[in-house]
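Chains as they are written, first to last, in numbering that gives the first Met the number 0: chain W, 0 to 123; chain C, 0 to 123; chain A, 0 to 123; chain P, 0 to 123.
Ideal Cβ placement from N, Cα and C applies to all residues, glycine included.
First comes the structure, then the notes that go with it.
4 protein chains.
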Amino acid sequence: MIQIDGRSSKPIYEQIVEGFKEMIIKGILKPGDKIPSVRELSSIIMANPNTVSKAYQELERQKAIETIRGRGTFVAVNYKPRVDDEKLESLKGQIKKIAIEAHYMGMGKQDVVKMLDDIYKELG
Amino acid sequence: MIQIDGRSSKPIYEQIVEGFKEMIIKGILKPGDKIPSVRELSSIIMANPNTVSKAYQELERQKAIETIRGRGTFVAVNYKPRVDDEKLESLKGQIKKIAIEAHYMGMGKQDVVKMLDDIYKELG
Amino acid sequence: MIQIDGRSSKPIYEQIVEGFKEMIIKGILKPGDKIPSVRELSSIIMANPNTVSKAYQELERQKAIETIRGRGTFVAVNYKPRVDDEKLESLKGQIKKIAIEAHYMGMGKQDVVKMLDDIYKELG
Amino acid sequence: MIQIDGRSSKPIYEQIVEGFKEMIIKGILKPGDKIPSVRELSSIIMANPNTVSKAYQELERQKAIETIRGRGTFVAVNYKPRVDDEKLESLKGQIKKIAIEAHYMGMGKQDVVKMLDDIYKELG
DNA sequence: GTGGTCTAGACCACA
DNA sequence: GTGGTCTAGACCACA
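Below, the structure written as structure tokens:
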């Protein structure tokens, strides 16, 4: 299901959040699909339930998933993109960072766009 | 000179590193240009000297700047891009994250490429 | 009849309790009216019978409904308001919380009173 | 400083969140004021640092406070009310609940408005 | 020192 | 069983 890299500098809860969002975008998980309970996932990926819980709460805050009392947790059915000024600014900052880093690796705009192409192919 | 945002979630030392690299790419700083000493910069941006020092060490490790004993610190003159496999993988990961986040903000590939265009215009 | 939102953060049994009290205040349910049995309601709203039972017990404790052995459950006929000090304090706390939250949404006292007006119109 | 009631059914972290917002509204804490560090407050109110941390993160998410790296945590200076549809709906629901509960305590609209008056006097 | 992350483990309300 | 809350305690990056 979700691949967790304990050696990564990226926090586990963040890997979980991104992992689910990626699977949803790829269509591996569809709106309305049930996802594992906190306890289930924590035992699967061998992480503490609190860590998984933190990830789920973040995903719920972002409206990517929703919990239905007594039924479980599901991929949100009515996700509406939220255009948040602050988030947009953050995204721009991240892109700028990538452009700079790419440049320092000898890569120009073409190369970055190429990588972007590959990513989008992977995401389907 | 360099803009530091203490409110940002991005560590200050990282902001310094990125700030210098950005100024170098934009040509505001040219190879051979002298940059402020750790003490100078730390007093200018009101940051802990240790923080500035850490940033300079990172810039030096990346060969973006070089220190000449007794003379000061300078923008590296003969920077050679390094195509590090590990870094390339990290870059790809960052781009994927951006694609996913953009998607969750209702933005598709076109929009991301558009933002990339703007960034490259800004970097000149 | 009663609308239950499993996605709400509000417990289902609480939604049932509030739902009945609202219908009674609105006059949709009148003193002496029969209400569904636990089993009936639980199958209607697709909830666990234990959940409905808990709600009914709470409503009974508050004297809003009463069960007559062998006959069924009914809206209480002679409801007497109870001015419980503890409850009054709790109510005040809830109102304070609303005032604070409203303030943080840029709403002043006027706006809250306006909302209160609307609510009372809705309740009839 | 902040009063925590361990006997309350309201979670400690929520009491902290509300407590700060109340003090800010009352003007006891002003924009730019420093608030205790997580560790300080946790030792003051004798709660676990994690609990305080959770409260601070929530306050930061709500833009009520902000952390400046290496300087500490402060009451936000540029708070802008956010008019969130969902939050507005939730507020309405809470007000309705109050109206219903008040009614069941024999209190009408006038009484609720009176309580609201008192609250706003207290908040200043 | 300061906050962020994580684990282990407990208790509780809810369904 | 399920998620939410909390404690105790550890480790780490950052300043």
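Legend entry - A/K113 - DSSP class collapsed to helix/strand/coil: Three-state result, A/K113: helix.
Legend entry - Spatial distance of W/I64 from A/R6 (CA atoms): When rounded, the distance between both Cα atoms is 11 Å.
Legend entry - Which of helix, strand or coil DSSP assigns to A/V74: Note: A/V74 maps to strand in three-state DSSP.
Inset, instruction - Find the residues of chain W that neighbour C/R81, judging by a C-beta separation of less than 9 Å, and give them in chain order. - result: Going along chain W in sequence order, the residues near C/R81 (Cβ under 9 Å) are Y103, M104, G105.
Legend entry - C/K91 in three-state terms, based on DSSP: Assignment of C/K91 by DSSP, reduced to helix, strand and coil, places it in the helix class.
Inset, instruction - Taking the CB atoms as reference points, tell me whether A/V76 and A/P35 lie closer together than 8 Å. - result: Not a contact, by the Cβ cut-off of 8 Å.
Inset, instruction - Would you list the residues sitting across from C/T66 in a DSSP beta bridge? - result: Partner(s): C/T72.
Inset, instruction - From the DSSP output, in three-state form, read off P/K33 for me. - result: In the structure shown, P/K33 sits in a strand (DSSP, three-state: E or B).
Inset, instruction - Using a Cβ cut-off of 8 Å (strictly closer), state whether C/I11 contacts chain P. - result: It does: the Cβ of C/I11 has a partner Cβ on chain P nearer than 8 Å.
Inset, instruction - Please classify A/S41: is it buried, with 16 or more other beta-carbons within 10 angstroms of its beta-carbon, or exposed? - result: Of the residues assessed, A/S41 falls on the buried side of the cut-off, its CB having 16 or more other CB atoms within 10 angstroms.
Inset, instruction - Note down the Cα distance separating W/V74 from W/P48, rounded to an integer number of angstroms. - result: Taken atom to atom, the span from the alpha-carbon of W/V74 to that of W/P48 is near 19 Å.
Legend entry - Under the three-state DSSP convention, the category P/D4 falls into: DSSP places P/D4 in coil when its eight states are reduced to three.
Inset, instruction - Report the neighbours of A/Q61 on chain P: residues whose CB is nearer than 9 Å to its CB, in chain order. - result: In chain order: Y103.
Inset, instruction - For W/R38, decide whether its Cβ has a neighbour in chain A, counting only Cβ atoms nearer than 8 Å. - result: Not one chain A Cβ lies under 8 Å of W/R38.
Legend entry - Whether P/E88 touches A/I99 by CB criterion (8 Å): No, Cβ-Cβ distance for P/E88 and A/I99 is not below 8 Å.
Legend entry - Through-space distance from P/I27 to W/Y12, alpha-carbon basis: The alpha-carbon atoms of W/Y12 and P/I27 are separated by roughly 36 Å.
Legend entry - Nearest-angstrom Cβ-Cβ length linking C/G92 and C/K33, presumed shorter than 8 Å: C/G92 to C/K33, Cβ: 35 Å. No contact.
Legend entry - Any C-beta of chain W under 8 Å from that of A/R6: Yes, because at least one Cβ of chain W sits closer than 8 Å to the Cβ of A/R6.
Inset, instruction - Could you check how far apart the C-beta atoms of A/L90 and P/K108 are, in whole angstroms? I think they sit under 8 Å. - result: No, A/L90 and P/K108 are not in contact; Cβ-Cβ is about 14 Å, not under 8 Å.
Inset, instruction - Anything in the segment 15-36 of chain P with a Cβ closer than 9 Å to a Cβ of chain C? List those residues in chain order, please. - result: Answer set for the segment 15-36 of chain P: empty.
Inset, instruction - Starting from P/I54, follow the alpha helix (DSSP H) in both directions and report where the run begins and ends. - result: Strictly speaking, residue 54 of chain P in this sequence is Ala, with Ile absent from that position. P/A54 -> alpha helix (DSSP H) spans 48-60.
Inset, instruction - Could you confirm whether any beta carbon from chain W is found closer than 8 Å to the beta carbon of A/N77? - result: No, its Cβ sits nowhere closer than 8 Å to a Cβ of chain W.
Inset, instruction - State the Cα-Cα distance for the pair A/V82 and P/M104, rounded to the nearest angstrom. - result: In this structure, the straight-line span from the alpha carbon of A/V82 to that of P/M104 is close to 5 Å.
Legend entry - Pair within 8 Å by beta-carbon distance, C/A46 and C/V16: Not in contact: C/A46 and C/V16 (Cβ atoms no closer than 8 Å).
Inset, instruction - Could you check if A/Q14 is buried or exposed, using at least 16 other CB atoms within 10 Å of its CB as the buried criterion? - result: Its Cβ being crowded by 16 or more others within 10 Å, A/Q14 is buried.
Inset, instruction - Taking only beta carbons into account, state which residues of the segment 45-74 of chain P come closer than 7 Å to chain C, listed in chain order. - result: Contact residues of the segment 45-74 of chain P toward chain C are E65, I67, R68, G69, R70 (C-beta to C-beta distance below 7 Å).
Inset, instruction - Please check if any C-beta of chain W sits within less than 8 Å of the C-beta of C/I1. - result: For C/I1, no Cβ of chain W is located within less than 8 Å of the residue's own Cβ.
Inset, instruction - Whole angstroms is fine: what's the gap from W/H102's alpha carbon to C/R68's? - result: Using only the alpha carbons, I get a separation of about 28 Å.
Legend entry - Under 7 Å from the C-beta of C/I99: neighbouring residues of chain W: Residues of chain W passing the Cβ test: E17, K20, E21, I24.
Legend entry - Cβ shell of P/I97 (< 8 Å), same chain only, five flanking positions each side left out: Short of 8 Å from the beta carbon of P/I97, and not among the five residues preceding or following it, lie these beta carbons of its own chain, in chain order: V111.
Inset, instruction - Taking only beta-carbon positions, decide if C/K95 is within less than 8 Å of chain W. - result: Taking 8 Å as the CB threshold, C/K95 lines the interface with chain W.
Legend entry - Whole-Å CB distance - C/L122 paired with C/K62, under 8 Å assumed: In fact, because the Cβ distance is near 20 Å, the residues do not count as touching under 8 Å.
Inset, instruction - May I ask you to report which of helix, strand or coil DSSP gives C/M22? - result: In this structure, C/M22 counts as helix in the three-state DSSP scheme.
Legend entry - Beta-carbon proximity list for A/G18, same chain, < 6 Å, skipping 5 on both sides: The answer, listed in chain order, is I1.
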